[in-house]
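Counting along the sequence shown from 1, when you hit position 116 you're at 125 in the working numbering, and nothing is skipped either side.
Where a beta carbon is used, it is the ideal one built from N, C-alpha and C, also for glycine.
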Amino acid sequence: MDQPAESAVVRVENVWKIFGDRAKDAMAAIRDRDLTKPEVLEEFGCVVGVADASFEVGRGEIFCIMGLSGSGKSTLVRHVNRLIEPTTGRIEILGNDVSKMSERQLRAVRAKQIGMVFQHMALMPHRSVRDNVAYPLEIRGEPKSRRWAVSEHTLELVDLAGYEDRLPKELSGGMQQRVGIARALASDPEILLMDEPFSALDPLIRLQLQHQFKALVAQLNKTTLFITHDLDEAIHIGHRIAIMKDGRIVQIGTPEEIVTNPADEYVREFVQGISKLKLVKAHSIMEPVESYAKSLDGAPRAPEGADLDHLIDLSVGTDQPIVITDGDIEVGIVTKPVLLRGIQGGKA
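And the structure:
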């Protein structure tokens, strides 16, 4: 499993969440008899929401958790700020065990270290955009002058300067969602939890916000857990993706790893319609230079991070293979048959 090491900001270890009055009995039975989710429901009347989830999220990383409705993705992310208590397992924020925090400590973490954005922002309709964004600072007792200064700054970050005095009802859906993002950023949190924030928006507005959000997170170096049911969105936004099914994480990897090496048939069905032209890189399909017996004089060259789309452009004008480089070093070649197989299946 590809994970960041000591730089992890969020660490989730073997987390289980079982809903129901007999959750402890069900957990014991799972450990003793390896019961499945349907068997737990039948025998104990309990629902397994999250099953043995483990992952780490590095500083500044966008970690997407995706799956169909009921897969457990939203349940899992709500453990990070302890909106949901795990049945068993451990969650750490910046090295601190969330389960051991007092109510006072937990409130401080939620107020200062974690910002959360939901699909439906629930902006306060009677308050201006400025006051909506400043609300987390108001709860913390910040003076009005600072609240307004921070609010105006974060609204500039999300391209809403000039809308400070508008009411939420005067804004479009996409603009309201940007107000929600600004509100989450106002307290300058280390971590952002995004629960399907763009799923209710029109496709074009959604794509624009995805671009803007990814750039903003990179600019501010925010560690982000992003929940989505849309693999295209996860691929576009995420540095890594965790795919869930029936409460379990079935695969974690980069977008390229997920698309080119699906862990099972479930993941394979998810990725089969995804275009690989911008995802698959030369290093994934190249062959050793020594495998090509003919001269490579005059052959086109491309860096190992070049995508299939770029390799196709280079390949059109030559019968020679493409030489793949790492700086000045020749590290591999991509022939036309290999390129075609890469387009078709993501692997040589």
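query, result
"For Val268, report the span of its beta strand (DSSP E) as first-last.", "Segment 264 to 269 is the alpha helix (DSSP H) holding Val268; no beta strand (DSSP E) there."
"Provide the residue span of the beta strand (DSSP E) that contains Glu65, from first to last.", "56 to 67"
"Of the residues Gly104, Val89, Ile100, Ile93, which one's Cα is nearest the Cα of Gly124?", "Val89"
"By the DSSP assignment, the beta strand (DSSP E) with Gly341 in it spans what residues?", "338 to 343"
"Thinking Ile200 and Val18 are a contact (beta carbons under 8 angstroms), I'd like their distance in whole angstroms, please.", "6 angstroms"
"Just grab the DSSP bridge partners of Trp25 for me.", "Thr97"
"Which residue marks the beginning of the beta strand (DSSP E) containing Thr233, and which one marks its end?", "232 to 237"
"Could you check whether the segment 182 to 189 touches the segment 201 to 216, counting it as contact only if at least three pairs of C-beta atoms, one from each stretch, sit closer than 8 angstroms?", "yes"
"So the candidates are Glu179, Val142, Leu166; which of them puts its Cα closest to the Cα of Arg155?", "Val142"
"Apart from the five residues on each side of it in sequence, which residues of its chain come closer than 8 angstroms, Cβ to Cβ, to Arg40?", "none"
"So Gln329 packs on Ala308, CB below 8 angstroms; how close in whole Å?", "4 angstroms"
"By the three-class DSSP mapping on this structure, what secondary structure does Met125 have?", "strand"
"Count the other CB atoms within 10 Å of the CB of Leu323; is the residue buried (16 or more) or exposed (fewer)?", "buried"
"Assuming Thr327 is part of the beta strand (DSSP E), what are its boundary residues?", "Looking at the DSSP string, Thr327 is not in any beta strand (DSSP E), and its letter there is neither H nor E."
"Short of 7 angstroms in beta carbon distance, which residues of its chain neighbour Leu50, apart from the five on each side in sequence? Order them along the chain.", "Val56"
"Excluding five sequence neighbours on each side, which residues of the same chain lie with their C-beta closer than 7 angstroms to the C-beta of Thr163?", "Val142, Ala191, Leu194, Ala195"
"Report yes or no: do the segment 163 to 175 and the segment 89 to 103 share at least 3 C-beta pairs separated by less than 8 angstroms?", "no"
"If you scan the segment 282 to 331 from start to end, which runs of the beta strand (DSSP E) of 3 or more residues do you find wholly inside it?", "310 to 312"
"Is it a yes or a no for the segment 254 to 268 touching the segment 80 to 87, going by three-plus beta-carbon pairs under 8 angstroms?", "yes"
"Does the segment 296 to 304 come close enough to the segment 269 to 287 to have 3 or more Cβ pairs within less than 8 angstroms?", "no"
"So, at 8 angstroms on beta carbons, what are the nonlocal neighbours of Lys285 in its own chain, with the 5 sequence-adjacent residues on each side left out?", "Val268, Thr269, Leu317, Gly351, Ile352, Gly355"
"Enumerate in chain order the residues of its own chain whose CB-to-CB distance from Glu296 is below 8 angstroms, with the five nearest sequence positions on each side excluded.", "Gly341, Ile342, Val343, Thr344, Val347, Ala357"
"Would DSSP call Phe207 helix, strand or coil?", "coil"
"Would you report the Cα separation of Gly69 and Gln221, rounded to the nearest angstrom?", "16 angstroms"
"What's the call for Ala131, buried or exposed, on a 16-neighbour Cβ count within 10 Å?", "exposed"
"Pull up the distance between the alpha-carbon of Met75 and that of Phe235, whole angstroms please.", "8 angstroms"
"Under 8 angstroms: do the segment 110 to 121 and the segment 231 to 246 share three or more Cβ pairs, one atom per stretch?", "no"
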